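For our numbering, count along the sequence shown from 1 and bump the result up by 947.
Quick reminder that beta carbons are idealized off the backbone N, C-alpha and C, glycines included.
For clarity, every value in this text was computed on a predicted model and none was experimentally measured.
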Amino acid sequence: MNLLEQMADNTNDQAAAIANSDQSLLASLLEGRQILMDQIDVIDNVMTEYQSGIRHDTEEYMEICGIKERIQSKLKEIYVIDQENIDKLKKQKREAEQSIHQMNIGKKALTEGYFKSGIQAYGYFFDKKIGK
948 MNLLEQMADN TNDQAAAIAN SDQSLLASLL EGRQILMDQI DVIDNVMTEY QSGIRHDTEE
1008 YMEICGIKER IQSKLKEIYV IDQENIDKLK KQKREAEQSI HQMNIGKKAL TEGYFKSGIQ
1068 AYGYFFDKKI GK
């Protein structure tokens, strides 16, 4: 359960990093989360293997089932927070895309409007043959 608590803390820290738009902190938290998930996966595989070797009517089997239920409950809590984090990141991504789109429109307006060099169809100098 200690690893799950660490994972829950990591997920909450991710929420704070997302709220503060701290991408470097978020990246390091995601790396730490992956390490925790790998450790939890190893423990889960060991527990599953151990549980498969125990008779189903024993107290030990029921205890392992109880532990797994508590783990599943904690993982559901983490999952809810994680989904909120994903939604926040998607919103930030949409806002960034929109901002980039607006910058591109502004750039296009400058280069094709204000700073556009027109095609010179006539010469700069006129002949002084007027009135002859």
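Straight across, the Cα-Cα distance linking L951 with A1043 is about 33 Å. The three-state secondary structure of M1050, taken from DSSP, is helix.
In this chain, the alpha helix (DSSP H) harbouring S999 covers 970-999. When the five nearest sequence neighbours on each side are left out, the beta carbons in the same chain lying within less than 8 Å of the beta carbon of E1031 are those of A962, in order along the chain.
About 13 Å separates the Cβ atoms of L983 and M948, ruling out a contact at the 8 Å cut-off. Under a 10 Å Cβ-count criterion, I1033 is classified as exposed, with fewer than 16 other Cβ atoms of the shown protein chains found around its own Cβ. Only buried fits T958, as 16 or more other CB atoms lie within 10 angstroms of its CB.
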